[in-house]
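Residue numbers (full-length UniProt numbering): 1 to 989. Following: one structure in structure tokens, then a few remarks.
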């Protein structure tokens, strides 16, 4: 009968189904009928409906199944209900059914109504209701139909088709539920029932553990916070999301292993002996550097071996080092009372590169108790006036000159090599010594001469002994002569002491005098020329008369001083009264500059007699201790460009850019370097780079500005080619134009406006920068055209500025047009590979850059306006800002693009062609013509074809109102080109 056939087919199918036992590791079973080896105990109603049958699988393990096949009877309503199933933590469950179903057509002599489907239902309850069973309490999940059904032939071949259906149930709110299966007249065998829910399993990701997590509902992800594994810390709080399918998604954040630990197998484990890790992070432990060790696990750093050291500033990755050995091959060259010392580098530098040399000078005498010569020497430090060139300590070179020594004196020089760890090992320090004896030397010049007494025919002089007599002074030579005779006739006297009286002089006469000392080694150098005058004849009066004259002169001087003082007091009082009037207030700046309140005018720092005064007037002096340099990001003409941090008292720390002045600079380089700060300090605008301050009172000299994260505009655009919308690009251009309007209003001409001199911050705000007056423009030798007045960036400079060095705001407007082209071409080089001379010639003959790809026609027209040969016809920056504001308010105007095919880059175009946009269709041409000055004449005019337009003459144009000769010619030539374009392809219009 049909019942026995159904049972038999079920056992055969289980035996041939290897996938029956596969379970996903992310699922939790709430019910699995095949896992029960005994009776399931499910309720069947009515009792002759569903029937529980035992069987075995391919491993001969007993399993329980249910079947029903009452197709021979009418009105079947057979129910099968499972036991109560606790839902645990699940809100959504899945029901997996495996069953076989017989095709009704294969059953002969069916008396009733045969079905090929059955119903799946469920009921939620908070507790087990036992055998209590009511059909109306159940809610239907779905009608289950078979994809594959078997027939009588299949029974004979023992090949049965198993169907698998999965249904989702939820959200569940009560503690448990029942499942029910309703048969309404089918021949079906329920092979297995599995009820499960999905969860995200326990996992470790980015050194954070995430627990088992059950999805909350079917529509949202569950955010789960991870817990860092042992011996690690959060860099950013670790999180992941659990999906409804039990999958972990979107890992965010991570943990980092503590110092002394490294990541191994998703855990942080201690560094092995001989390794170390000094910082937080997920890098592997590093092997101890040379001459260091770590005997224990988890070392933060490696200790140094005996007689090896690590300086305070040395990183943990640096090898331990030791003091250098002594310098070698010391050579001395004596020149009278000076000596040149030269030596070779130490044989062993101790493993470091920061080796310097220190020279210690000692004056030594060989004496004994009875005063005879002895091999024992007594040494003392040299006098403080001994000079070392370049210096005595911190020498980087292996030579030094020592001067101002005493003649015929023994000296010992100790030369010591030092490095960063020498101070840590004083007992290991070594030096090389050399002893020399200076030669006899002439005395140094007399420097101080005083006039003691003067009369009509004589003068008394005194002087100080030379600072370095270099022996016993035998006498002094005094040489003097009349100033007007210029040493053509002179007199020489000799004196043993430090004073002399010169007699036989002319009255009221100026004399010049020089003195030099003589020792056994000869004469020393002459003193600087000293001038004195004898008294006139009229000055020889009695002492009483001279007293009267002196009293009269004193009284006159007192009266004059009193008058001046009274005048100053009255003047200040009057000025104070007048200055109270509001219309007469003035602001005074150094160097005579005058400014009116409310009117900001640029002041050229080079007009100051002392350029440093301009720096301190316009720029804030910063304390170098408030600046921390992080890294070098580039190099400028004067030194390195770094990024760092500025922390001023009671202010928040900010990121800054730091330009440094390299060592060995000249006064001119220092002035030119600080000139940029003097210029920047006068500007205050959101689109001008902001100066934070300068450091001039310590080294290195620095200029500190705000930090622009995205660097220069040209490289930023090349890095993000075609990644911005038209509105974003117009916004950048608007910022540049706004900054240039501010500079123009201030009366400042930039002269080098280019995308490379525009900086971009993290918010895509563009700021004008680079205000240095003498700078290298580019590395390319063709980038600047050198003229008598300096270097010019040819590709960005207006023709009149190249030819006549006429720089104005109008020439800046030309440069702005080039910047506009650079922005729209995403950093393309203007004029490509053309040489500078070719660019000058082409621009002079009317050539203009073609529109970049996808460039809006309105922006290209603005470029052409900026490139007008007549500078007075170029737009002002105020007009440019207004034009860009209108484009931003009307984004639709950016959708019409200029035609690049009609403007080849390698041809010299007629200037007039740049005033009429290129058009690809008749409609485009009509739109373009309506933008010309004669647009009113074309309002309402329409043409049916290009042939009609091509036949238009100047007479026809007069009839529609185009009476101006210039536009007539341009329109007629455009019509001919348009006709050629429609026949032969695009051509310039």
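All C-beta atoms in this analysis are idealised placements derived from N, C-alpha and C, irrespective of residue type, glycine included.
Using DSSP bridges, identify the partner residues of residue 359. Position 359 of the chain shown, counting from 1, holds the residue named residue 359. BP columns for residue 359 point to 415.
Sorted by chain position, which residues of the same chain lie with C-beta nearer than 7 Å to residue 635's C-beta, five sequence neighbours on each side aside? Locating residue 635 in the chain shown gives position 635, counting from the first residue. Closer than 7 Å at the Cβ level, and outside the excluded window around residue 635, lie 641.
Tell me which residue opens and which closes the alpha helix (DSSP H) that residue 882 is part of. For this step, residue 882 is matched to residue 882 along the chain shown. First-last of the alpha helix (DSSP H) with residue 882: 877–889.
Would you mind sorting residue 937 into buried or exposed? The rule is 16 or more other CB atoms within 10 Å of its CB. Within the chain shown, numbered from 1, the residue matching residue 937 stands at position 937. Below a pLDDT of 50, predicted positions are generally treated as unreliable, and residue 937, at 43, falls in that range; no measurement from the model is reported.
Would you mind working out which of 895, 815, 718 and 835 sits nearest residue 825, comparing C-alpha positions? What you label residue 825 is simply residue 825 of the chain shown in a count that begins at 1. Considering only alpha carbons, the answer is 718.
For residue 792, is the classification buried or exposed, using 16 other Cβ atoms within 10 angstroms of its Cβ as the cut-off for buried? Along the chain shown, one-based indexing puts residue 792 at 792. It counts as buried.
Do residue 305 and residue 291 have their C-beta atoms within less than 8 Å of each other? Here residue 305 corresponds to residue number 305 of the chain shown, with the count starting at 1. Here residue 291 corresponds to residue number 291 of the chain shown, with the count starting at 1. Going by C-beta atoms, residue 305 is nearer than 8 Å to residue 291.
Spell out a yes or no on whether the region 237–249 and the region 208–222 are touching, meaning 3 or more CB-CB pairs, one atom from each, closer than 8 Å. yes
Use the C-beta contact count for residue 554: other C-beta atoms within 10 angstroms, 16 or more gives buried, fewer gives exposed. Here residue 554 is taken as the residue at index 554 of the chain shown, counted from 1. Residue 554 comes out exposed.
I'd like to check one pair, residue 458 with residue 503: are the Cβ atoms closer than 8 Å? Along the chain shown, read from residue 1 onward, the residue named residue 503 stands at position 503. Along the chain shown, read from residue 1 onward, the residue named residue 458 stands at position 458. Cβ atoms of residue 503 and residue 458: closer than 8 Å.
Rounded to the nearest angstrom, what separates residue 124 and residue 709 at their Cα positions? Within the chain shown, numbered from 1, the residue matching residue 124 stands at position 124. Within the chain shown, numbered from 1, the residue matching residue 709 stands at position 709. Residue 124 and residue 709: Cα-Cα distance of roughly 60 Å.
Under the rule that 16 or more other beta-carbon atoms within 10 Å means buried, what is residue 997, buried or exposed? A query on residue 997 cannot be resolved here, the shown segment of the chain reaching from 1 to 989 and no further.
By how many angstroms is the C-alpha of residue 483 removed from the C-alpha of residue 639? For the purposes of this step, residue 639 is taken as residue 639 along the chain shown, with counting starting at 1. For the purposes of this step, residue 483 is taken as residue 483 along the chain shown, with counting starting at 1. Between residue 639 and residue 483, the C-alpha separation is close to 52 Å.
Are residue 875 and residue 843 touching if we call contact CB-CB under 8 Å? Here residue 875 refers to the residue found at position 875 when the chain shown is read from its first residue. Here residue 843 refers to the residue found at position 843 when the chain shown is read from its first residue. Not closer than 8 Å, so no.
Can you tell me which residues form a DSSP beta bridge with residue 751? As a first step, residue 751 is located in the chain shown; it is residue number 751 there, counting from the start. Answer by DSSP bridge pairing: none, since residue 751 is not bridged.
Residue 657 bridges to which residues according to DSSP? Here the question's residue 657 lines up with position 657 in the chain shown. Bridge partners of residue 657: 643 and 705.
According to DSSP, is residue 33 helix, strand or coil? Counted from its first residue, the chain shown places residue 33 at position 33. Residue 33: helix per DSSP, three-state reduction.
Below 7 Å CB to CB, which residues in the same chain sit around residue 897 once its five sequence neighbours on both sides are set aside? Numbered from 1 along the chain shown, position 897 holds the residue referred to as residue 897. Closer than 7 Å at the Cβ level, and outside the excluded window around residue 897, lie 854, 855, 856 and 857.
Considering only the beta carbon of each residue, do residue 362 and residue 381 sit closer than 8 Å? As a working note, residue 362 is residue 362 in the chain shown. As a working note, residue 381 is residue 381 in the chain shown. Against a cut-off of 8 Å, the Cβ pair of residue 381 and residue 362 comes out as a contact.
Residue 622 vs residue 695 beta-carbon contact at 8 Å: Along the chain shown, read from residue 1 onward, the residue named residue 622 stands at position 622. Along the chain shown, read from residue 1 onward, the residue named residue 695 stands at position 695. Against a cut-off of 8 Å, the Cβ pair of residue 695 and residue 622 comes out as a contact.
For my contact list, residue 659 and residue 627 are in at a C-beta cut-off of 8 Å; report their separation, rounded to the angstrom. As a first step, residue 659 must be located in the chain shown, where it is residue number 659. As a first step, residue 627 must be located in the chain shown, where it is residue number 627. Not quite, the Cβ-Cβ distance comes to about 12 Å (not below 8 Å), so this is no contact.
Is residue 872 helix, strand or coil when you go by DSSP? Numbered from 1 along the chain shown, position 872 holds the residue referred to as residue 872. Helix at residue 872.
Can you tell which of 145, 440, 764 and 98 has its C-alpha closest to the C-alpha of residue 115? Walking along the chain shown from the start, residue 115 turns up at place 115. Checking every option, the nearest Cα to that of residue 115 belongs to 145.
Are residue 685 and residue 739 closer than 8 Å when you measure CB to CB? Residue 685 sits at position 685 when you count from the first residue of the chain shown. Residue 739 sits at position 739 when you count from the first residue of the chain shown. Yes, Cβ-Cβ distance for residue 685 and residue 739 is below 8 Å.
Express the C-alpha separation of residue 50 and residue 80 in angstroms, rounding to a whole number. Within the chain shown, residue 80 is the residue found at index 80, counting from 1. Within the chain shown, residue 50 is the residue found at index 50, counting from 1. If you take the alpha carbons of residue 80 and residue 50, they lie about 6 Å apart.
Residues near residue 431 in its chain [Cβ-Cβ closer than 7 Å; skip 5 each side]: By 1-based counting over the chain shown, the position of residue 431 is 431. Excluding residues within five positions, the ones whose Cβ falls inside 7 Å are 326, 414, 415 and 416.
Going residue by residue through the region 381–441, where are the continuous alpha helix (DSSP H) segments of at least 4 residues, counting only ones entirely within it? none
From residue 805 to residue 766, what distance separates their C-alpha atoms? For the purposes of this step, residue 805 is identified with residue 805 of the chain shown, where counting begins at 1. For the purposes of this step, residue 766 is identified with residue 766 of the chain shown, where counting begins at 1. Their backbone Cα atoms lie some 28 Å apart in a straight line.
Sorted by chain position, which residues of the same chain lie with C-beta nearer than 8 Å to residue 653's C-beta, five sequence neighbours on each side aside? For this step, residue 653 is matched to residue 653 along the chain shown. 645, 646 and 647.
Have a look at 200, 140, 100 and 507 and flag the residue whose alpha-carbon is nearest the alpha-carbon of residue 27. As a first step, residue 27 must be located in the chain shown, where it is residue number 27. The shortest C-alpha separation from residue 27 is found at 200.
Assumed close pair residue 818, residue 795 - CB separation to whole angstroms, cut-off 8 Å: Walking along the chain shown from the start, residue 818 turns up at place 818. Walking along the chain shown from the start, residue 795 turns up at place 795. About 7 Å; that satisfies the 8 Å criterion.
Take residue 88 and list the residues in its own chain whose beta-carbon comes closer than 8 Å to its own, dropping the five residues that flank it on each side. For this step, residue 88 is matched to residue 88 along the chain shown. Cβ neighbours of residue 88 beyond the five flanking positions: 28, 30 and 197.
Start-end ranges of the alpha helix (DSSP H) lying completely within the region 817–848, minimum 4 residues: 836–844
Which two residues bound the contiguous alpha helix (DSSP H) that contains residue 803? What you label residue 803 is simply residue 803 of the chain shown in a count that begins at 1. That run of the alpha helix (DSSP H) goes 799–804.
Contact between the region 472–487 and the region 506–523 is defined here as three or more beta-carbon pairs at a separation below 8 Å; is this criterion met? yes
Starting from residue 267, trace the beta strand (DSSP E) both ways and give me its first and last residue. As a working mapping, residue 267 is identified with position 267 in the chain shown. That run of the beta strand (DSSP E) goes 267–270.
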